[in-house]
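Letter by letter, the sequence shown follows residues 11 to 416 of the numbering used here.
Have a look at the structure below, then the notes.
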Amino acid sequence: MNIPFSKISLTGNESHYIDQVLKSGWLTTSSKALKFEQLFAEFVGAKFACAVNSCTAALHLAVDAIGIRPGDKVMVPTLTFTASAEVIRYMGADPVLLDVEYGTGLVSPAILKRAIKENPTVKALILVHYAGQSAEMMIPEGEGILDLCRNHNLNLIEDAAHAFPTKFGNQFVGTFGDITCFSFYANKTITTGEGGMFVTNNEAYYKRAKIMRLHGINHDIWDRFTSLNSSWQYDVIEPGFKYNMADLNAAIGIAQFERAGYFRDERQRCAQFYYKNLGQLSNIDLPVCYGPLENHSWHIFPIIIRPEAPISRNRFIEMMTNEGIGVSVHYKPIHRMTYYRLAYNLNPCNYPNAELIWQGTVSLPIYPDLTEAELEFICQTVKSLVSNKAYKTLPIEKVPDESTGS
Ligand SMILES: Cc1ncc(COP(=O)(O)O)c(C=O)c1O
């Protein structure tokens, strides 16, 4: 078997739309990017969308738009990709790392409440909808993430890199917080190769992002090389960035967007297969989905090999790879990354759930093209690895502790 960890499906209108861009003679930002923005904003129910060249760029524009300043503190979960935290450092601000819930990998309202109490001067939260499941934005007769942010005057930026299309209740992720940032990186639920979307209902944030997305130039100048009527004059009002999305990428994005519902349903098919076939194994924990399965985008399916399993996570990965099954790890937490550990003198003991997850987590393949036979093979392999008594006779190797270098 050769089952890659991730595989994109490009059998829609991708080539057709790319061809249109090539024939137009203009490859970078223009009508396709604009169309992608309009389709996206309309779908998630937001007023504004600004297409950029990565989710990292969108997150950077977001912390800039809400006015994060050097020395400010911004909360972010430790169980995330480094991009969620690095944008805080871009602004000279400092991340306050939050632990996550064991089953969902999400920042829960209880965790946030405690963190706000311990860090009363914090300015904002960058919330990650881990794996494609929304955090609990509202809870009946209590304070959800949204209430807590509002009640404590915190700006809320949603890192929705995993979460398109994801719902909380009947509402798509994209309009809960001040700004929501999506990723269209090559392995995401829809892709443009590299790309991202900055989404907001706040006109001032949108206007700021549009200016900062292209060098801090004061108005749209896409057509300055192609239109005879276009003004050659422009001004630079801020030292901005080069974050615009090219039409070549947007062309792929529109084609992917057209099939996003189908992709999501197919990913759910894989998740359901895993729940049905691996749910009874006592040595592993499956991801907890607290809402309807349909609200989840199923970007990743992270299982956790429990400490009592006869095989360690690292050995499990080795064996899966030997069987021809691609797997990955989401994530080595930020508090274990050398830069953050040294800069902020971080102690893993302060993130007990993220630690438990990190020691055992492995993400299984999940994508529309996975066949039943492949899913069956993956499940059979997982079962035999986590139940095989033969492994009990092998010493269980220690997970190396990066925090001490041992
Ligand atoms: C949670 C999270 N945030 C942000 C990013 C950054 O996305 P991009 O590669 O589009 O910049 C990623 C990428 O994997 C991610 O997983």
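Glycine residues also receive a C-beta, built at the ideal position from the N, C-alpha and C atoms.
task: Taking Asn6 as part of the beta strand (DSSP E), name the residues at either end of that continuous run.
output: Since the first residue shown for the chain is 11 and the last is 416, residue 6 is missing from the structure and cannot be characterised.
With H, G and I counted as helix, E and B as strand and the rest as coil, what does DSSP make of Pro130? coil
Check your understanding: When DSSP labels each residue in this structure, what does Asp275 get in the three-state scheme?
Key -> helix
query = Are Ile262 and Ile76 touching if we call contact CB-CB under 9 Å?
reply = no
Q. Which whole-angstrom value describes the C-beta separation of His309 and Thr199, a residue pair presumed to lie in contact below a C-beta threshold of 8 Å?
A. 5 Å
**OP:** Assuming Gly115 contacts Gly81 (C-beta within less than 8 Å), just tell me the rounded distance between them.
**Re:** Rounded, the Cβ-Cβ distance is 30 Å, inconsistent with contact.
Please check the pair Ile136 and Leu69, which I expect to be a contact at CB under 8 Å, by giving their CB distance rounded to whole angstroms. 7 Å
| message | Applying the 10 Å Cβ sphere with the 16-neighbour rule, what's the burial state of Ser25? | response | exposed
Exercise. Can you give the Cα-Cα distance for Val396 and Gln369, rounded to whole angstroms?
Worked result: 15 Å
query = Which of helix, strand or coil does DSSP assign to Ile247?
reply = coil
Checking 9 Å against the spacing of the C-beta atoms, do Ile260 and Leu20 come in under that value? Checking the displayed sequence, the identity of residue 260 turns out to be Ala instead of Ile. Not closer than 9 Å, so no.
**Message:** Pairs of beta-carbons, one from the region 359 to 376 and one from the region 333 to 343, closer than 8 Å: are there three or more?
**Reply:** yes
Exercise for review: Please find out if some non-hydrogen atom of ligand 1 comes closer than 8 Å to the beta-carbon of Leu71.
Suggested key: no
Beta-carbon contacts of Thr176 that lie in its chain and below 8 Å, excluding the five residues immediately before and after
His139, Gly142, Gln143, Ser144, Ala170, Phe182, Val183, Asn305, His306 and Ser307
Next item on the list: Use the C-beta contact count for Thr381: other C-beta atoms within 10 angstroms, 16 or more gives buried, fewer gives exposed.
Entry: exposed
Reduced DSSP category for Val183 - H, G, I as helix; E, B as strand; rest coil
coil
query = What three-state label does DSSP hand Pro362 in the structure shown?
reply = helix
Check your understanding: Just how far apart, CA to CA, sit Phe178 and Arg346?
Key -> 30 Å
Query - Secondary structure of Asn305, DSSP reduced to three states - result: helix
ask   = CB of Gly205 to nearest heavy atom of ligand 1: below 8 Å?
value = yes
* Assign Pro317 to one of two classes, buried (16 or more other C-beta atoms within 10 Å of its C-beta) or exposed (fewer than that). => exposed
Quick check on the DSSP output: the alpha helix (DSSP H) that includes Gly77 runs from which residue to which?
Counting along the chain, Gly77 falls outside any alpha helix (DSSP H), and DSSP gives it neither H nor E.
Measuring from the CB of Lys198, is there a heavy atom of ligand 1 at a distance below 8 Å?
-> yes
N-terminal and C-terminal residue of the beta strand (DSSP E) that Lys83 is part of: Lys83 to Pro87
**Asked** In or out: Tyr349 buried (at least 16 other Cβ within 10 Å) or exposed?
**Response** exposed
Cβ-heavy atom distance between Ser40 and ligand 1 below 8 Å?
-> no
**Study point:** Length-filtered (4 minimum) alpha helix (DSSP H) runs lying within the region 320 to 387
**Key:** 323 to 332, 348 to 354 and 362 to 370
Item to complete: Confirm the yes/no value for this check: CB of Cys60, any heavy atom of ligand 1, distance under 8 Å.
Response: no
Could you say which of Ala134, Pro14, Val132 and Ala120 lies nearest to Asn197 if we only look at CA atoms? Pro14
Option in Gly152, Asp104, Ile155 and Asn363 with minimal Cα separation from Thr131
Asp104
Next item on the list: Go ahead and label Leu352 buried or exposed: buried means 16 or more other beta carbons lie within 10 angstroms of its beta carbon, across all protein chains shown.
Entry: exposed
Q.
Please classify Val62 as buried or exposed, where buried requires at least 16 neighbouring CB atoms within 10 angstroms.
A. buried
Per the contact definition of three or more C-beta pairs closer than 8 Å, is the region 286 to 300 in contact with the region 112 to 126? yes
- prompt: The alpha helix (DSSP H) with Ile18 in it runs from where to where?
  reply: Neither: Ile18 is in no alpha helix (DSSP H) and is coded neither H nor E.
| request: Classify Thr38 as helix, strand or coil using the three-state DSSP reduction. | output: coil
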